[in-house]
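Okay, so here's the structure we're looking at.
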Amino acid sequence: MSSWNVNDQRIPQGRLTVFSYLSVAFVILLLVGFWKLQVVQSGHYSDLAEKNGIRSIPIIAPRGAMLDREGRVLVDSYPSFSILLLRDNPKLVQKYLPAIESGLGISPEDMHDQLEAAKVEPRFMPVIIKPEASEADLAFVESHRSDIPVLDLMMVQRRHYPYGEMLANTIGYVGEVSAQELERSDGRYAPGDIVGKAGLEKEYNGQLEGTDGMRRVVVNSVGKVMRTLDNVEPIPGKPIQLTIDLDLQQIAEHDLEGKEGAVVAMDAHTGAILAMVSHPTFNPNDFAVRIPPKEWKQLNTDPETPLLNRAIQAQLAPGSVFKIVMATAMLESKAIPPTYTVYCPGYANFYGRVFHCDHAHGEVDLHKAIVASCDVYFYHVGQLLGIDRISYYANALGLGHLTGIDLPGEEPGLIPSQQWVERVYHHKWYPGSTISVSIGQGAVMVTPIQLARMIAAVASGGNLVQPHLLKDDPNVKVTRFPISQNTVDEVTQGMWGVVNEPDGTTSELVKLKDIDFCGKTGTAQTMSYDLEHRLGKHIKENGWFVGYEPRENPDIVVAALVQGAGWGSFVAPIVRDVVKAYYDKKNGIAPAPSTSTAQNNANSGSAHPLVAAAGSPGAPVSPVGRSAAGRAAVLTTAQAAGAQH
Amino acid sequence: MKNRARIQDFDWVLLALVGAISLVGLLEIYSCTHAGSLAGMQWKQLMWIGIGIAGMCLISMIDYHTLLDQAPALYIFGIASLLVVLVLGYSRLGAKRWISLGGVVNLQVSEIMKLIIIIVLARYFTDVRSERLTLSDLAKVGALTLVPVGLILKQPDLGTAMVLVPVALVGIFLAGLEWKHMAIGVVVVALLVPIAWNMRHHLKPYQQQRIQTFLHPEDNPRGAGYQILQSEIAVGSGGFWGKGFGKGSQNQLGFVPVRYSDFILAALAEEQGFIGVCFVLLLYLGLILRLVDNAQKAKDRAGMYIVIGVTAVLGFQVLVNTAMVIGYMPVTGIPLPLISYGGSSIAFAFLALGLVMNVRMRRFVN
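Residue numbers (my numbering), protein chains in the order written: chain A, 1 to 645; chain B, 646 to 1011.
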């Protein structure tokens, strides 16, 4: 039998009762805790529960296409998938990283860099490890959905530029919304949204971008989609039709290949831009995915400034093209009689300095001065007119201020005046400066588009059109600066002579049969003779040619600039090709990709593949475009497969 | 002198309360798991309850005095088992808690240790004949308790180790600790807390993290604080009336951590609301009060200690688990008795209740 105290029957009833009371007290305490959570703060926690289980997935609206004036697609969008790495659980990520790297063909260094870069963001934000998934990538992700739980797909709308570099500076490019844009947008944008960053993409961003839709899904604690609650369909962006003529654009692009410069072709009656080229340029498709920082830096710091749209942003001395302004001023101001003549010995002396001319032109009147581009004649005209009259007419003809083209970042150029020099340099105008200005040198700076517009204005008797790229733009206006018929006749006959008379400054090759092709050359020094002398080297001059047809009240005007061309007459064939193509097209002749003579002057190599592609009839989209469409179809099936999960 | 038990002395009220609580558990386990790969879990739980009831009947047949006779042997067996687990036991969920019995039943040895400590301490307190505990008595109680506590902590299983302590504390209280000494004890504990706080660096990293998480769950909502936060969201979003059976998004979408086990009350709070929580907690209160009643009506002091030991363990588990679900206590891995899914936990609860029945059935016998 037990040796221990078995028969002790004292039960501490009091203390047991205390225990009961304590139990009741604890239960009440716990119930108060539940009351706080479930009744007092219930709304707060309900919100949190909803956020937990319901995820809103944006359905990106496709951006509107850009079409040329005949409806040919210049820019479009296609659906594509980005591969996301979910990094909520770093252990899982580390575990699957080697498999992912080999499966998607990402080098471990690249992957490491991407993950490092994303470290600043919260862990529940997935990283885009492959912005544009190939079919093989998609198959990899889909087939490993169950065993690699850290990968996911996101459908995006990718911008596609079927012609690559063509028209790139005008079209611009798209990119992720910046922090500032995000702030200014008042909640319209979310981080990662794609917006127009430059060119037309930026200017018409409002029309082009649609409204993103939204799919609300129920997800479980590991993020797996259980079911769809509702769908708000995206509203696609509206397409815009441009004034650009793809045929003219391709010819101009081809002729400027390998050069530094710009070409602007414009309908002289309306201001509709038919072609706008700036070289060197970039490929906006590079921006459509994600431009690697290195490449972006290179584009930005490249001394050849590929991101600059030279047609509206290059501010350069116009050289002799400015003589058209001088001639107009001379005749319109009536300060100098139309019969005024000068003897040109090849140079002239003003204010103790020698000013040069290309040739000794001998006895020169206005017509000959324009045709042969005699500097000495216009030195005298400039001295007689004075800087203020020159400045007045230059401004009236649209130089020195914005043309109002529908592109961001247009530069105004500069027309010097007494007022300007006093404001900026705080000294009186030196009369010697007027002599340089008279031949479009000195402080004068213009853009190619300004010169095109100026020549169109003079040849049309003073119609200053507003250059524009949006077809049927309701806001386009034409301003008048009336120029007398006599002046128009005199000056345009001069410009006809430049191309068509034996002593004109362009070569015989530029003449066009049956076409009333006129124009004016310009050869502008990029630094003064003095500076060149001191540096002991010669920088080749910028060459200009602004041509148009017909002679009076023109249909088309084309300005071309080739930096470092050395001579304006070398530039004229580019303009000739564009004008000829325009004329041929109007008369029902299919435009041919540039002639052999243009190639001689344009020192270009093989035929442009894009020109060839577009030139072949019945090829609506380039091969690049077709393959993109094919890919889109594949992606749609992949998406359907994904939805079944 | 064998005491004969009579079946009509079985505590049917207690059994009804236990049945009601177990049923709530079965339903909530069904709600938590029916839609996923764990479907059918409630049947396994039901099987455990069946085994538990059989064990309860079995243990109520053996006179508790016989069990108390064997207290020293049981204690040595328990300590030895814990040592075996530490050396040989296989690791599951990162802790060595399990011992494989013939490859069929995996029993958590520390659960058995809970039963043993109840019997051992009941025996010890009965042996203290005086009205008041001496310091050496306290020291002995402390030593008897802390050896298994230390071994279980080594596994490491903070939760189960903690559960042994209230058996000793409640026993000391009933054995006649002077109110004056109790006051001193409270003051000493109050002083020890800051010291313990400074000692926290000696805890295992997971324990440190649990404390950190408990104090600042919002610091790392996707990491360690996640469990507490998700549990609170489940409870809070349930509101007064609940979202309905099987309709709690936190629960059904898997945001509530181990929703069928440690956090089952959060799942229940979400689906059944404050009303449901009140119902469950009142069932538990009824259970505790009924157990205390049994203690008060025990035939002798030894029986009283056994019943109150069981009460202390079950009450403490309900308190700690419930407080954890609403963020009042850190995550310790203590299941909710009779409701949380788990064979060991269910088996312990019914065996412990078997001890209570044992005492009750012998109250009129002499």
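Note that beta-carbon positions come from the ideal geometry of N, C-alpha and C, so glycine has one too.
Selected residue, minimal CA-CA separation from residue i, among the options
i: residue 79(A); options: 132(A), 226(A), 451(A) and 387(A); result: 132(A)
i: residue 760(B); options: 729(B), 730(B), 716(B) and 779(B); result: 716(B)
i: residue 52(A); options: 44(A), 565(A) and 351(A); result: 44(A)
i: residue 874(B); options: 662(B), 971(B), 753(B) and 767(B); result: 971(B)
i: residue 481(A); options: 494(A), 155(A) and 463(A); result: 463(A)
i: residue 788(B); options: 762(B), 917(B), 821(B) and 800(B); result: 762(B)
i: residue 150(A); options: 345(A), 437(A), 475(A) and 92(A); result: 92(A)
i: residue 407(A); options: 75(A), 155(A) and 169(A); result: 169(A)
i: residue 19(A); options: 757(B), 817(B) and 906(B); result: 817(B)
i: residue 213(A); options: 58(A), 98(A), 522(A) and 278(A); result: 58(A)
i: residue 142(A); options: 103(A), 183(A), 40(A) and 72(A); result: 103(A)
i: residue 160(A); options: 544(A), 498(A), 401(A) and 77(A); result: 77(A)
Local conformation of residue i per DSSP, three classes
i: residue 166(A); result: coil
i: residue 903(B); result: coil
i: residue 69(A); result: coil
i: residue 1008(B); result: coil
i: residue 368(A); result: helix
i: residue 544(A); result: strand
i: residue 790(B); result: helix
i: residue 29(A); result: helix
i: residue 598(A); result: In this prediction, residue 598(A) scores a pLDDT of 40, lower than 50, which makes its location untrustworthy; the coordinate-derived value is nonetheless stated afterwards. The answer is helix: DSSP assigns residue 598(A) an H, G or I state.
i: residue 262(A); result: strand
i: residue 399(A); result: coil
i: residue 15(A); result: helix
i: residue 967(B); result: helix
i: residue 523(A); result: strand
i: residue 696(B); result: helix
i: residue 710(B); result: helix
i: residue 867(B); result: Per-residue confidence for residue 867(B) stands at a pLDDT of 49, beneath the threshold of 50, marking its modelled position as unreliable; no derived number is given.
i: residue 465(A); result: coil
Test: residue i CB closer than 7 Å to a CB of chain A
i: residue 1007(B); result: no
i: residue 964(B); result: yes
i: residue 894(B); result: yes
i: residue 949(B); result: yes
i: residue 884(B); result: yes
i: residue 817(B); result: no
i: residue 880(B); result: yes
i: residue 719(B); result: no
i: residue 973(B); result: yes
i: residue 930(B); result: yes
i: residue 967(B); result: yes
i: residue 984(B); result: no
i: residue 933(B); result: yes
Short CB-CB distance (under 7 Å) between residue i and chain B
i: residue 49(A); result: yes
i: residue 450(A); result: no
i: residue 313(A); result: no
i: residue 146(A); result: no
i: residue 207(A); result: no
i: residue 12(A); result: yes
i: residue 229(A); result: no
i: residue 46(A); result: yes
i: residue 152(A); result: no
i: residue 215(A); result: no
Three-pair Cβ contact test at 8 Å for the segment 422-440 of chain A versus the segment 450-467 of chain A: No, the segment 422-440 of chain A does not touch the segment 450-467 of chain A.
The segment 936-947 of chain B: positions lying closer than 9 Å to chain A by Cβ: 937, 938, 940, 941, 942, 943, 944, 945, 946 and 947
Residues, ordered as in the chain, of the segment 18-41 of chain A that lie near chain B by beta-carbon distance below 7 Å: 19, 20, 23, 24, 26, 27, 30, 31, 33, 34, 35, 37, 38, 39 and 41
Contact set between the segment 898-925 of chain B and chain A, restricted to residues whose Cβ is under 7 Å from the partner: The segment 898-925 of chain B vs chain A, Cβ under 7 Å: 898, 899, 900, 914, 918, 919, 922 and 923.
Stretch-stretch touch, CB-based, cutoff 8 Å, three pairs: the segment 243-252 of chain A with the segment 134-145 of chain A: no
Touching by the beta-carbon criterion (3+ pairs, under 8 Å), the segment 794-802 of chain B and the segment 817-826 of chain B: no
At least three beta-carbon pairs within less than 8 Å, the segment 949-966 of chain B to the segment 796-815 of chain B: yes
Segment contact, 8 Å Cβ cut-off, at least three pairs: the segment 343-350 of chain A with the segment 199-211 of chain A: no
Stretch-stretch touch, CB-based, cutoff 8 Å, three pairs: the segment 672-690 of chain B with the segment 974-990 of chain B: yes
Cβ contact check for the segment 28-47 of chain A and the segment 875-884 of chain B: 3 or more pairs under 8 Å: Touching, per the Cβ criterion.
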